[in-house]
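Q: Okay, here's the structure, questions in a sec.
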Amino acid sequence: MFNQPAPQLGNQYDDDDVLRDYLACTLPPEILRAIEPELKEMGELAGGPLYGFQRADRLSEPVHTPWDAWGNRIDHIELTPLWRAAEPLASRSGLIAIPYERKHGAWSRVHQFALAYLFTPSTDLYSCPLAMTDGAARTLSVCGNHALAGRALPHLTARDPKQFWTSGQWMTESTGGSDVGLSETVAQPGSDGQWRLFGHKWFTSAATSQMALTLARPEGNPVGGKGLALFYIEVRDEKGKLNGISVNRLKDKLGTRKVPTAELTLDGAIAIPVMGLTDGVKNIAPMLNVTRTWNSVSCVTYMRRAIALARDYAAKRFAFGSMLSEKPLHRDTLDGMQAEFEAAFHLTFFMVNLLGRIEAEEGSEADRELLRLLTPIVKLTTAKQCVAVCSEALECFGGAGYVEDTGLPALLRDAQVFSIWEGTTNVLALDALRVMHGASALNVFAATVKEATDRVTDASLAGAAAKANERFADAFAMVSNNAAGEQERNARRIALALGRSLALALLCSHAARSKRRSATQSALRFATQVA
Ligand code: MFK
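Be aware that the sequence shown starts at 11, since it is given in our numbering, and climbs by one per residue.
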């Protein structure tokens, strides 16, 4: 009987022309030489033992045990074997430490996210707790509260797995995930000088973290986001007892099944204000921006994984007289997916590079404005691309892509979360619109598109670069349309046009300096997909 060979992966660094080409064109050679061994090692794990572990562990899910045998409330959450292995690997590899150690200065974020990009698709969304941990570390390092930073940062950025902590980001309440200002959790000051939180958190990802940043309204504060305050919570005391927190249940989700997303009750949880007793939404924003960056990198690498599997399969699958990889229509389909992936890659790593420069204090005020606008735009653009590419990848396998024990359906289920958590497409599009109105960010964005397309001197790319400028001009015209209600109605169109036009400009600019001929093919192809 005929059995189709399963798709396989090689070393995920060595096999990734797009990543290697970007790093070679971007990093100073001595930095690339210094970090390449780590990347190779992670690439080997991700395509080999870790990928095997992921497939073997496919069916395991976290288990919540509310009570012990003697009636004590314990709320133990047992993580899956893959996640238990992912945590020490992440800390030892410095996936959080790297941008805080800043050994490679302004390049430290590129270093971190290149490594995270290799780690992520073989660890079933362990990038979720890492994203929140990085977000908490960033927030604490800029909040000015030296006592809290001094207590938590050494754990969040530890390379020693025994010292390493992850952080939760407890924001969402049942009043709504997007309109955080509606939060009902109350903070009460006690006569002992400690604050205690009372309320319900409806969607708390990775409830096994040692600490969390959360929002609550100090009693008497006004309604809305300004009346909330940002609080730091340690989840358990030194004896392991929960800090006035109970886990009501784990969520039964479409995907991200290994992420222990919980509903929590806070009943007197002792918490410390991070920076004052108001402006909670504004003060948690550094965390949101970092987790949105992780989201974008995760989208890019999910696309890369989906395409790597589909390409390997195409080289092994014989039908209608030849291999799928030799069929013009199938190749064309893969080329379209590849173009989306490469555009998303350059867009995302442009943002990552900018973040690194700003954190190393090498960025200008204009860079800060650009990053503020780019973060929601890149997050929403790459999330939509990721769902589309993962869906197409399943189709590349025919029926096998729809069968659970191939491991392929999980790609699509997990991809669907990227456009939902950390701000939906519409909420982020409105956030971007607000930023465009309040500052000169759109002018900086315009200059970035122009600078990227001006670098394209190769005649073969001229049409594609012109398309990037045209698409940007369309978005600019929509922003300038002041008819009542029109801007809000167009916000998603504007944000996607901005995201895709800059992605095309950056892809063209990269293709113009790269020695990889396929970069030009992808730029030309992506230009046809930028409607
Ligand atoms: C693989 C990686 C994945 C990561 C996994 C993480 C899993 C975590 C699970 C979750 O927690 S998911 C839930 C995440 N929730 C959200 O992302 C909330 C989505 N909603 C928004 O982002 C809304 O736009 C927002 C809540 C911020 C709107 O609230 P408000 O009360 O209308 O706030 P407003 O007026 O927009 O902003 C208040 C202040 O914060 C303003 O400053 P000013 O007071 O000075 O004017 C804003 O400029 C500022 N601000 C808001 N968003 C900001 C920001 N500043 C910087 N960056 C931002 N992103």
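Cβ coordinates follow ideal geometry from the N, Cα and C atoms, glycine included. From a predicted model like this one, the values you see are computed outputs, not experimental measurements.
1) Taking a contact to mean a Cβ-Cβ separation below 9 Å, would you say Thr416 touches Leu128 in this structure?
2) Would the beta-carbon of Leu542 be found less than 8 Å away from any heavy atom of the ligand MFK?
3) Grouping DSSP H, G and I as helix and E and B as strand, with all else coil, what is Leu223?
4) What does a CB cutoff of less than 8 Å around Arg481 pick up in its chain, not counting 5 residues either side in sequence?
5) Kindly examine the ligand MFK and report whether one of its heavy atoms sits closer than 8 Å to the Cβ of Ala66.
6) Relative to the C-alpha of Ala222, which candidate in Asp189, Ala141, Pro232 has its C-alpha closest?
7) Report the partner residues of Ser177 according to the DSSP bridge assignment.
8) Where does Trp431 land, buried or exposed, given buried means 16+ other C-beta within 10 angstroms?
9) With distances taken Cα to Cα, identify the nearest neighbour of Lys261 among Gly250, Glu273, Ile255.
10) Mapping the DSSP letters down to three states, classify Glu213 as helix, strand or coil.
11) Determine the extent of the alpha helix (DSSP H) in which Thr75 is found, giving its start and end residues.
12) In this structure, how does DSSP classify Arg321 when only helix, strand and coil are distinguished?
13) Given that a residue counts as buried once 16 or more other Cβ atoms are within 10 Å of its Cβ, and exposed if not, what is Asn293?
14) Can you check whether the CB of Pro76 is closer than 9 Å to the CB of Ile84?
15) Report buried or exposed for Ala329, applying the criterion of at least 16 other Cβ atoms within 10 angstroms of its Cβ.
16) Hey, is Gln395 close to the ligand MFK, as in C-beta under 8 Å from one of its heavy atoms?
17) Cutting at 7 Å between CB atoms, please list the residues of its own chain near Leu37, excluding the five before and the five after it.
18) Tell me whether Asn479 counts as near the ligand MFK, meaning its Cβ is closer than 8 Å to at least one heavy atom of that ligand.
19) Give me the residue from Ala469, Thr218, Asp464, Asn453 with the minimum Cα distance to Ala485.
20) Check each candidate in Gly250, Arg161, Arg527 and name the one with the smallest Cα separation from Asp27.
21) Please go through the same chain and pick out, in chain order, the residues whose beta-carbon is closer than 7 Å to the beta-carbon of Ala451, but skip the five residues on each side of it.
22) Note down, one range per segment and in chain order, each beta strand (DSSP E) of at least 3 residues found wholly within the region 132 to 191.
23) Going by beta-carbon coordinates alone, are Tyr242 and Leu158 separated by less than 9 Å?
24) Let me know the alpha helix (DSSP H) ranges lying completely inside the region 418 to 481, each 4 residues or longer, listed in chain order.
25) Quick one: Cα of Glu371 to Cα of Ile45, how far?
26) At a cut-off of 8 Å, is Lys460 close to the ligand MFK when judged by its beta-carbon and the heavy atoms of the ligand?
27) Quick one: is His86 buried, meaning 16 or more other Cβ sit within 10 Å of its Cβ, or exposed?
28) Using alpha carbons as the reference points, say which of Leu404, Thr538, Leu298, Asn479 lies closest to Pro17.
29) Can you check which of these residues, Arg502, Ser532, Thr391, Ala442, is closest to Met347 by C-alpha distance?
30) Looking only at its own chain, which residues have a Cβ that is under 7 Å from the Cβ of Asp468, when we skip the five neighbours before and after it?
31) Taking only the alpha-carbon atoms, compute the straight-line gap between Ala478 and Val437 and give it to the nearest angstrom.
32) May I have the straight-line CA-CA distance separating Ala320 from Leu225, to the nearest angstrom?
33) I'd like to check one pair, Thr176 with Thr130: are the Cβ atoms closer than 9 Å?
34) What residue range does the beta strand (DSSP E) around Pro283 cover?
35) Measure the alpha-carbon distance for Ala472 versus His520 and round it to whole angstroms.
A: In short, the structure shows the following:
1) no
2) What is shown of the chain runs 11 to 541, which leaves residue 542 out entirely.
3) strand
4) In the same chain as Arg481, and ignoring 5 residues on each side of it, the C-beta atoms closer than 8 Å to its own belong to Ala507, Arg510, Ser511, Leu514, Val540, in chain order.
5) no
6) Ala141
7) Ser177 is bridged to Met221.
8) buried
9) The shortest C-alpha separation from Lys261 is found at Glu273.
10) For clarity, residue 213 is Phe in the given sequence; the question names Glu instead. Three-state result, Phe213: strand.
11) Run containing Thr75: none in the alpha helix (DSSP H); it sits in the beta strand (DSSP E), 73 to 77.
12) helix
13) Buried, because 16 or more other Cβ atoms sit within 10 Å of the Cβ of Asn293.
14) yes
15) The residue in question, Ala329, is exposed, as its Cβ has fewer than 16 Cβ neighbours within 10 Å.
16) no
17) Trp117, Val120
18) Remark: the C-beta of Asn479 is outside contact range of the ligand MFK, defined as less than 8 Å to any heavy atom.
19) Asn453
20) Arg527
21) Glu379, Leu380, Arg382, Leu383, Val445
22) 177 to 180
23) Yes. Within cutoff.
24) 419 to 425, 435 to 448, 451 to 464
25) 22 Å
26) Taking the Cβ of Lys460 as the reference point, every heavy atom of the ligand MFK lies at 8 Å or farther away.
27) So His86 counts as exposed.
28) Leu404
29) Ser532
30) Ala522
31) 25 Å
32) The straight-line gap from Cα to Cα measures roughly 43 Å.
33) No. Outside cutoff.
34) 272 to 283
35) When the Cα atoms are used, Ala472 and His520 turn out to be separated by approximately 13 Å.
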